[in-house]
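S.K.:
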Amino acid sequence: MSFFPISRIIIWDLFKKSPWFETWPSFEASEVFKWGTIKKYSKGDSVYKDYASDDLCFLAQGSLWACLAGENGLIKFSIISPPGLLGMAQMLGEHLEDKPCYEFYAAEDSTVLILPSSAIEEQLDKKPLLWRPITEAAIFFQRQCVRQVVLLCCGTIKERLISAIYHYGLSGTSRPYRQYRSLDSISQEEWALMIQSSRQHVNRALRELEQEGILTLGYKRIEIKNPLELERLALARYRRMP
């Protein structure tokens with residue numbers, strides 16, 4: 355279920371406030387955006403693969419599984435929420451040594467904006483200083499990803515699950531749209547995969563959180579009952595990190 359409208363106007367608002375384009379002049383940002391094509395994907399659909407096309411992918415609604423492609427198949431390791439920009443690596447001109455490496459699949463019904471890389475390159479060629487916010491955003495998200503891996507793989511099962519639910523349950527959008535989304539699209543097996551645990555341990559931790567009044571469990575359903583307490587517990591883990 356969509357958690358905010360997905361009209362082109364709303365996507366533009368999210369686009370221009372995203373870390374990649376928030377400091378771009380409105381004209382240059384709109385010149386990139388106007389070439390974007392909105393596409394919708396159902397849960398499980400392949401959304402994007404490294405170097406499979408010359409396009410970039412801006413995640414506007416829903417969420418995507420980030421997967422590492424290797425000799426043993428795909429390994430799901432994280433969920434990406436809006437706003438997300440996929441494909442910046444291929445803007446470097448030469449393929450990185452790990453190519454092709456990452457693939458992205460819809461974790462729920464999702465909407466993306468497909469952007470031709472040439473539209474961004476044209477603006478960067480005209481104003482090279484526009485590379486700065488893009489580079490800063492890339493560094494920021496790299497640091498966030500490292501932190502997220504630590505939060506989801508270190509600590510007790512309950513602590514890791516709190517971080518995972520907080521990470522997935524809060525949209526990554528700006529404050530006007532920020533709200534807890536439905537958690538129905540994530541199964542217990544997927545929660546277990548996300549925090550490197552088992553379904554049995556996840557189920558036990560969920561029951562504990564239900565007893566503490568933080569969430570309510572139903573048939574294939576998790577409802578956040580006390581978002582403030584969940585946020586407090588999750589952010590306390592952030593603050594404890596060095």
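For the working numbering, add 354 to where a residue sits in the sequence shown, where the first one is 1. Glycine included, C-beta positions come from ideal geometry on N, C-alpha and C.
(1) Need the endpoints of the beta strand (DSSP E) that K574 sits in, please.
(2) Measure the C-alpha to C-alpha separation of E577 and N426 and round it to an integer number of angstroms.
(3) So within the segment 379-457, which uninterrupted alpha helix (DSSP H) runs reach at least 4 residues, ignoring any that extend past its ends?
(4) Could you check whether the segment 488-495 touches the segment 455-463, counting it as contact only if at least three pairs of C-beta atoms, one from each stretch, sit closer than 8 Å?
(5) Cutting at 7 Å between CB atoms, please list the residues of its own chain near I468, excluding the five before and the five after it.
(6) Are the segment 418-435 and the segment 373-383 touching by the rule of at least three beta carbon pairs closer than 8 Å?
(7) Should Y402 and L440 be called a contact, given that it needs their Cβ atoms to be closer than 7 Å?
(8) Nearest-angstrom Cα distance between L587 and I516?
(9) Sorted by chain position, which residues of the same chain lie with C-beta nearer than 6 Å to R553's C-beta, five sequence neighbours on each side aside?
(10) Is DSSP giving A559 helix, strand or coil here?
(11) How is the alpha helix (DSSP H) around T465 delimited, first residue to last?
(12) Classify G567: buried if its beta carbon has 16 or more other beta carbons within 10 angstroms, exposed otherwise.
(13) Would D538 and A460 qualify as a contact pair, given that the criterion is a beta-carbon distance under 7 Å?
(14) So what does DSSP say about A461, is it helix, strand or coil?
(15) Expressed to the nearest angstrom, what Euclidean distance is found between the alpha-carbon atoms of A406 and R561?
(16) Compare the Cα-Cα distances from P581 to each of R575, R593 and T570 and report the closest residue.
(17) With K370 as the anchor, note down where its alpha helix (DSSP H) starts and where it stops.
(18) Does DSSP put D538 in a helix, in a strand, or in coil?
(19) For T510, which of helix, strand or coil comes out of DSSP?
(20) According to DSSP, simplified to helix, strand and coil, what is P373?
(21) If we count the other Cβ atoms within 10 Å of its Cβ and call it buried at 16 or more, is R529 buried or exposed?
(22) For D479, is the classification buried or exposed, using 16 other Cβ atoms within 10 angstroms of its Cβ as the cut-off for buried?
(23) Quick one: residues in its chain with C-beta nearer than 7 Å to the C-beta of Y520, no 5 flanking neighbours on either side, listed in chain order?
(24) Assign R532 to buried or exposed, taking buried as 16 or more other Cβ atoms, counted over all protein chains shown, within 10 Å of its Cβ.
M.R.: According to the data block:
(1) No beta strand (DSSP E) contains K574, which DSSP labels as neither H nor E.
(2) E577 and N426: Cα-Cα distance of roughly 35 Å.
(3) Counting whole runs of 4 or more residues, the segment 379-457 contains the alpha helix (DSSP H) stretches 380-387.
(4) In short, these stretches do not touch, since the Cβ pair count stays below three.
(5) If we look at I468 and ignore the five residues flanking it on each side, its Cβ neighbours are G390, T391, K393, D409 and C411.
(6) In this structure the segment 418-435 does not lie against the segment 373-383, because fewer than three pairs of beta carbons, one per stretch, are closer than 8 Å.
(7) The Cβ atoms of Y402 and L440 lie closer than 7 Å to each other.
(8) If I take the Cα positions, the gap works out to 7 Å.
(9) So the qualifying residues of the chain are Q542, E543 and A546.
(10) A559: helix per DSSP, three-state reduction.
(11) Element bounds for T465: not the alpha helix (DSSP H) but the beta strand (DSSP E), S464 to P470.
(12) Here G567 is exposed. Its C-beta has fewer than 16 other C-beta atoms within 10 Å.
(13) No, the Cβ-Cβ distance between D538 and A460 is not below 7 Å.
(14) Looking at A461 - three-state DSSP - the assignment turns out to be coil, as it is neither helix nor strand.
(15) The alpha-carbon of A406 is positioned some 42 Å away from that of R561.
(16) It is T570.
(17) Unbroken alpha helix (DSSP H) run through K370: R362 to K370.
(18) Note: D538 maps to coil in three-state DSSP.
(19) The answer is coil: DSSP assigns T510 none of H, G, I, E or B.
(20) DSSP, reduced to helix, strand and coil, places P373 outside both helices and strands of the structure shown, so it counts as coil.
(21) Here the model assigns R529 a pLDDT of 45, short of 50, so the residue's position is not dependable, and the following value carries that caveat. Around the Cβ of R529, a 10 Å sphere holds fewer than 16 other Cβ atoms; the residue is exposed.
(22) With fewer than 16 other Cβ atoms within 10 Å, it is exposed.
(23) L584, E585 and A588, listed in sequence order.
(24) Low per-residue confidence applies at R532: pLDDT is 46, beneath 50, and the placement is therefore not dependable enough to give any value.
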